[in-house]
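To keep things clear, I will list the structure first and then write my remarks on it.
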Amino acid sequence: MTIREKGYAHWDGQLQERRFPWAPITWLGIRLAFKRKYFKFILFGSMVPAIVFLVGIYISERMEDFQYMFRGNKQLLEVNPAYFKTYLCSDFLLFMMVMILVVSGAGLISDDLKHNSLQLYFARPLKKSGYLVGKANVVVFFLLLLTLVPGLVFILFKLLFAGNFRFLASYPWLPLAVVGYSLFVTAFFCSYTLLFSSLSKNRRYVSILIFTVYLFSDILFGFFYENYKNPAFALISLKANLQQVGSWFFRLKPAYDVPWYWSLLILLAFGAAAGLVLNRKVRSVEVVK
Amino acid sequence: MIAEISDLRYSYGRVLGLDGISLTLPEGAVGLLGPNGAGKSTLLRILLGFLSPQQGSGRVLGFDIRLEQARIRRYVGYMPEDDCLIPGMDSVTFTAHFGELSGMPRQEAMKRAHDVLFYVGLGESRYRLLDTYSAGMKQRLKLAQAIVHDPKLLFLDEPTSNLDPQGRKEILELIKDISSKKEIQVLICSHILSDIESVCSDVVILNKGRLAAQGKLSELREVQYRLYEIRTKGEGPGFVERLKGLGCRVQETEDKLLRVYVPAEMDIREIFVAAEETQSQVRHFVRSQTSLEDLFAKAVGVD
């Protein structure tokens with residue numbers, strides 16, 4: 001007999017106050033991302049550099065076995081902060097992160113706006129901050145999978161392959177730098193994605209925005225830099241700004257002769273603007289005054 | 290008592306949404322009526338905590354509407370008027386998701402989602418993508434997500450909009466079942482008067498942001514006026530004019546039947562005196578039930 005025939009039945013459980021009320025939103029977002037076309041392929045593609053760099057760490061500890069491959073180019077496989085920065089700030093990894101955002105993050109808020117689902121979320125004991133954290137964590141999950149996890153795995157495997165703690169003794173701040181930069185780049189991309197996702201009800205427009213703003217800012221920088229040879233134009237490019245800040249995290253000289261904190265300020269300003277827009281856009285009801 | 294509000298005021302910029310409303314919503318099924326722009330949805334949104342009133346106070350299920358919004362939402366189910374879904378999901382995942390957000394454990398939410406989907410008649414299509422659902426199915430799904438956590442109070446905003454007659458009948462049956470047998474209080478916001486009439490025992494009528502009428506449907510009908518159906522032979526127009534002069538509202542149907550709304554204080558015998566004086570023969574004189582439509586028209590001041 002179906003319930004319909006039986007009539008309405010009460011639920012005999014007890015509603016609980018969740019410690020993390022946003023957790024169901026995050027898990028659902030992650031599950032839905034995996035259902036999207038090409039997502040698994042893009043995610044796997046994004047992990048290729050991590051595998052390559054991990055192999056690099058293994059080879060660096062077995063140099064004598066692979067000498068024939070690196071005649072005169074041993075410094076290529078010297079595992080030091082620059083090695084980590086090269087991985088975490090590489091053009092390819094940043095590009096793949098943007099691709100992940102396009103596929104998994106574009107619809108996070110825009111789909112809810114399009115389908116009027118915000119009122120369903122806010123009819124639950126969920127605050128605006130809880131909703132945003134739940135959505136942001138979808139992006140956080142995938143980005144940390146590409147930054148923090150490989151970064152820490154590199155350190156762990158370096159220690160394992162070396163069989164001693166000499167590496168950590170030389171760079172005791174490196175784990176913190178990996179954690180700090182990973183969190184920074186993730187937080188930036190989170191606000192970047194949620195900002196654009198809240199600006200339109202159309203997922204495609206949001207995808208295009210996420211992709212073109214990142215790419216166009218870099219193209220613009222390239223154009224001005226090539227013509228005027230002024231490194232200050234690096235501040236236009238999101239990618240260059242992330243790399244400048246990355247250099248500071250890993251105690252390296254920035255690629256462009258511009259103070260790193262200018263880049264940091266620009267990225268923070270972007271994040272603050274995103275916060276303001278999100279606060280305005282994400283509402284349980286559309287109030288037209 | 291499901292809710293109690295006092296001197297509630299809310300405005301959208303210069304436009305006044307609610308203008309100092311005070312009322313008490315009793316247990317059972319209560320209908321919230323009013324023409325477009327009367328403030329029904331605004332009131333519902335304030336009760337849910339979506340909007341914060343600029344003035345006044347209130348309690349829903351004993352919880353303060355300003356300070357305990359999360360608690361209110363835990364025990365309230367809300368079925369919005371607009372279509373709302375999450376694309377790329379099936380209805381079981383969708384319903385269970387909102388059960389989880391209400392505070393149900395994951396396994397329990399999933400089990401309960403199956404139950405309520407069968408209850409609202411979506412059992413067979415519960416694994417279909419929501420994107421492929423018809424308007425009627427989406428309406429049922431909205432009801433399912435509203436009752437998944439077994440709320441104590443259900444807010445239904447236009448629950449039968451976009452439905453064909455059969456779908457409408459079925460949804461109303463479900464609401465009746467929930468409100469009459471299961472101790473779940475229901476507040477229905479609708480402009481379809483017959484829906485309210487068939488489900489609710491109490492009504493609240495709003496007009497231009499103010500309270501126009503409130504109370505038990507049966508009592509309101511009694512208190513406001515009595516309705517008589519009269520058929521006469523002889524001087525029709527003179528009789529009608531005379532009745533109007535006595536303070537009655539008279540409607541004439543196509544088959545010459547007079548529907549006479551008699552003020553509460555008027556003596557019925559005056560109708561017969563008026564008939565005699567205008568030389569009209571009263572051939573048919575039956576007391577009739579006033580409809581909610583009549584009540585609504587009188588409350589909001591339209592014919």
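These protein sequences, in sequence, are chains A and B. Here the first sequence is numbered in the working numbering, starting from 1 and rising by one per residue. Here the second sequence is numbered in the working numbering, starting from 290 and rising by one per residue. We treat Cβ as the ideally placed atom computed from N, Cα and C, and that holds for glycine.
With respect to chain B, the C-beta atom of residue 121 of chain A has a partner C-beta closer than 8 angstroms. Secondary structure at residue 56 of chain A: helix, using DSSP grouped into helix, strand and coil. Those residues of the segment 375-393 of chain B placed with their C-beta closer than 8 angstroms to a C-beta in chain A are 375, 376, 377, 378, 382, 386, 387, 389, 390, 391, 392 and 393, ordered along the chain. In this structure, DSSP gives residue 502 of chain B an extended state, which the three-state scheme calls strand. Counting along the chain, the unbroken beta strand (DSSP E) around residue 540 of chain B starts and ends at 538-541. Considering only beta carbons, the part of the segment 5-17 of chain A lying closer than 7 angstroms to chain B consists of 7, 8, 9, 10, 11, 13, 15, 16 and 17, in chain order. Distances from the CA of residue 522 of chain B to each of B/332, B/533 and B/545 were compared; the closest alpha carbon is that of B/545. By the C-beta density criterion, residue 393 of chain B is buried, having at least 16 other C-beta atoms within 10 angstroms.
The C-beta distance from residue 335 of chain B to residue 297 of chain B rounds to 6 angstroms, short enough to fall under 8 angstroms. Judged by DSSP secondary structure, residue 180 of chain A falls within the alpha helix (DSSP H) whose first and last residues are 174-199. Excluding five sequence positions before and after residue 161 of chain A, the CB atoms of its chain that fall closer than 7 angstroms to its own CB belong to 57, 58 and 61, given in chain order. Residue-level contact check: residue 116 of chain A touches chain B, since one or more beta carbons of chain B fall below 8 angstroms from its beta carbon. In chain order, 123 make up the part of chain A whose C-beta sits under 7 angstroms from the C-beta of residue 337 of chain B. At a cut-off of 4 residues, the continuous stretches assigned as alpha helix (DSSP H) that sit fully inside the segment 76-123 of chain A are 81-88, 91-100, 107-114 and 118-122. Interface residue (Cβ-Cβ distance to chain B less than 8 angstroms): residue 201 of chain A is not classified as such. Counting along the chain, residue 293 of chain B sits inside no alpha helix (DSSP H); it lies in the beta strand (DSSP E) bounded by residues 292-301. DSSP places residue 368 of chain B within a strand segment (E or B) once states are collapsed to three.
One thing to note: residue 509 of chain B has its Cβ no nearer than 8 angstroms to the Cβ of residue 529 of chain B. Beta-carbon to beta-carbon, residue 106 of chain A and residue 31 of chain A are separated by about 16 angstroms, too far to satisfy the 8 angstroms threshold. As DSSP reads the structure, residue 573 of chain B sits in a beta bridge with B/520. A distance below 8 angstroms between beta-carbons, with the five flanking residues on each side excluded, links residue 91 of chain A to the following residues of its chain, in chain order: 239. The bridge partners DSSP lists for residue 347 of chain B are B/294. Under a 10 Å Cβ-count criterion, residue 362 of chain B is classified as buried, with 16 or more other Cβ atoms of the shown protein chains found around its own Cβ. When the beta-carbon positions are compared, residue 383 of chain B and residue 390 of chain B stay at least 8 angstroms from each other.
Taking 8 angstroms as the CB threshold, residue 428 of chain B stays off the interface with chain A. In terms of Cα proximity to residue 252 of chain A, the closest of A/81, A/234, A/98 and A/55 is A/81.
Taking a C-beta cut-off of 7 angstroms against chain B, the contacting residues of the segment 126-147 of chain A are 126, listed in chain order.
Closest by C-alpha distance to residue 44 of chain A, out of A/187, A/97 and A/223, is A/97. At least one CB atom of chain A sits nearer than 8 angstroms to the CB of residue 359 of chain B.
CA-to-CA, the gap between residue 366 of chain B and residue 271 of chain A works out to about 35 angstroms.
Along the segment 31-61 of chain A, the positions whose C-beta sits under 9 angstroms from a C-beta of chain B are 31, 32, 35 and 36, read in chain order. The Cβ atoms of residue 99 of chain A and residue 42 of chain A sit closer than 8 angstroms to each other. Going by DSSP, residue 157 of chain A is part of the alpha helix (DSSP H) stretching over 148-162.
In this structure, the alpha-carbon of residue 36 of chain A lies about 8 angstroms from that of residue 104 of chain A. Contact between the segment 458-470 of chain B and the segment 395-403 of chain B is not established, with fewer than three Cβ pairs separated by less than 8 angstroms. Contact annotation for residue 530 of chain B against chain A: no contact, minimum CB-CB distance about 48 angstroms [criterion: below 8 angstroms].
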